[in-house]
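Structure first, commentary second.
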Amino acid sequence: SQTIHQWPATLVQPVGSPLSLECTVEGTSNPNLYWYRQAAGRGLQLLFYSVGIGQISSEVPQNLSASRPQDRQFILSSKKLLLSDSGFYLCAWSVSRVGVGYTFGSGTRLTVV
Amino acid sequence: DQQVKQNSPSLSVQEGRISILNCDYTNSMFDYFLWYKKYPAEGPTFLISISSIKDKNEDGRFTVFLNKSAKHLSLHIVPSQPGDSAVYFCAASDHSGYALNFGKGTSLLVTP
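Same order as they appear, the protein sequences are chains A and B.
FYI, this note's numbering numbers position 34 of the first sequence as 34, with every residue one higher than the one before it.
All you need for this note's numbering is the position in the second sequence, starting with 1, plus 1000.
See below:
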């Protein structure tokens, strides 16, 4: 069966520090991978998605970047965190172009102080 | 711009009663709609979906209704249970898109 792992679960980082969040999927090949953020009082905002290794599409220009070094690995990074980067970050995968049946990871609560 | 809108940020319902969560969309190209349920500090989990070729889909206590002419869908939970207390997200996609568009969510509280 397919599983998605996301870590760490919580993270407190100072302003200006770097960030690396990792997400891996098991039990499937060539998944579509997604990074979402849920900020306080806001919905689920799509940050990045990837349909293959090295293919990254950015939905919102910002202080973050994403990479997909392996088929089932998706990494969210920042060189210098801002206070506004605080939020709940979610990784998700899908096998369908339409995005049917996303499966989400358990999320990372990031607090930038 | 927000293409999927959930205009009620919160809803409180008594246990045993019906919960109705509403969602509106603006993009007429959307042809697949989903509801996700999210507990605090957890990822959303898929609840129920509906294709634009249908106007109703039922799964146990959960029913989703789609009104394409009004660009409106709703989720009915009958009977509501305390364990249904969570944030519910409406999402939509079109056949050419890679990603889902989510609403801002509605926080449902089911009281005993």
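Every residue, glycine too, gets a C-beta built ideally from N, C-alpha and C.
- For the region 1024-1052 of chain B, the residues whose beta carbon sits under 9 Å from a beta carbon of chain A are, in order, 1031, 1032, 1034, 1036, 1038, 1041, 1042, 1043, 1044, 1045, 1046 and 1049.
- Per DSSP, the beta-bridge partners of residue 108(A) are 89(A).
- Chain B has a Cβ within less than 8 Å of the Cβ of residue 104(A).
- At a cut-off of 8 Å between beta-carbon atoms, residue 1086(B) makes no contact with chain A.
- For residue 1056(B), the beta-bridge partners assigned by DSSP are 1065(B).
- Rounded to the nearest whole angstrom, the C-alpha separation of residue 1005(B) and residue 1087(B) is 14 Å.
- The beta-bridge partner set that DSSP reports for residue 1105(B) is empty.
- Scanning 108(A), 101(A), 93(A) and 109(A) for the CA closest to the CA of residue 1049(B) turns up 101(A).
- Residue 1070(B) has a beta carbon lying at 8 Å or more from every beta carbon in chain A.
- The beta-carbon of residue 95(A) is placed no less than 8 Å from the nearest beta-carbon of chain B.
- Identification of residues in the region 63-91 of chain A having a C-beta nearer than 7 Å to some C-beta of chain B yields 90, given in sequence order.
- Between the alpha carbons of residue 9(A) and residue 1069(B) lies a gap of roughly 42 Å.
- For the pair residue 76(A) and residue 15(A), the CB atoms are not nearer than the 8 Å cut-off.
- Listed along chain A is no residue with a C-beta nearer than 8 Å to that of residue 1011(B); the closest approach is about 16 Å.
- In summary, the residues of the region 1094-1111 of chain B whose CB is separated from some CB of chain A by less than 7 Å are 1095, 1097, 1098, 1099, 1100, 1102, 1103, 1104 and 1105, in the order they occur in the chain.
- Here DSSP, grouped into helix, strand and coil, assigns residue 52(A) to strand.
- Contacts with chain A at 8 Å (Cβ-Cβ) include residue 1089(B).
- Neighbours of residue 51(A) in chain B, taken as residues at a C-beta separation under 7 Å, are given in chain order as 1098.
- In the same chain as residue 68(A), and ignoring 5 residues on each side of it, the C-beta atoms closer than 8 Å to its own belong to 33, 50, 52, 53, 54, 55, 56, 74 and 75, in chain order.
- Residue 21(A) does not reach chain B, its nearest Cβ partner there being about 13 Å away, counting only Cβ pairs nearer than 9 Å.
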